[in-house]
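Under my numbering, the first residue of the sequence shown carries the number 85, and numbering increases by one thereafter.
Quick reminder that beta carbons are idealized off the backbone N, C-alpha and C, glycines included.
Predicted model only: the values in this text are computed from it and were never measured.
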Amino acid sequence: MVRSGLQQDVINMYRQGVRNAMSKTAEARPAFLLHLRYNFRHPHLRPRDYTAIEHQLRRMSRTLEMLSDPSVQRISVSNEMRSWWDGEIAKGSTATSGSTIGSEKESDDRDQITKKDEQGRDRDQWAGKMPGHGGT
C-alpha cells in the first residue's frame, strides 16, 4: 500500500511512542500506551485536514520528546481517557459478536447511494442537487 508522507509521519510517530512506552517499567507501560492511543484519537481529525494533522504531529513530537526522558517514570491517566478506552473495548467486543449487524448497515448505506428516488434522481449526499448552485 502506497502511503503519503503525512501518513508515514503519523505511523512513525506512533511507532516511536510505542517504543518509548516499551522502554518504561512494566507497571507504567499501560498508562503510557493509553496516553498515546488517546492522544492519537483526540481530537478526531478528518484525513484531509492536513494543517490540523501537522499541528497534532508537532504537538505530539514535543510530548514524546519530553516523555522519552529516562527521568519520566510514570504518567497520570485521566478518568476521561479510561472511560474512552473502556468504550473502545466495548465497541470491539460488540463488533466481533454482531458482525452481521455491521454488514447489514454497510449494505444499507451502499443501497442508499445506488438507489434512485421517486423522481428518478440518484439518492446521493445532496439528493441530486449541489448545495449553493440553485439545484444545478
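{"Check": "At least three beta-carbon pairs within less than 8 Å, the segment 111-123 to the segment 164-171", "Outcome": "yes"}
{"Check": "As assigned by DSSP and simplified to three states, the class of Thr109", "Outcome": "coil"}
{"Check": "Straight-line Cα distance separating Ser177 from Ser152", "Outcome": "32 Å"}
{"Check": "Given Gln140 as reference, the closest of Ala179, Thr109, Asp93, Ser88 once Cα atoms are compared", "Outcome": "Asp93"}
{"Check": "Identity of the residue in Arg142, Met85, Ile159, Glu172 nearest Glu111 by Cα", "Outcome": "Ile159"}
{"Check": "Between the CA atoms of Leu148 and Val102 - distance to the nearest angstrom", "Outcome": "10 Å"}
{"Check": "Helix, strand or coil at Gln140 [DSSP, three-state]", "Outcome": "helix"}
{"Check": "Within-8 Å CB hit, Ile159 to chain D", "Outcome": "The question asks about chain D, but that chain is absent: this structure has only one protein chain."}
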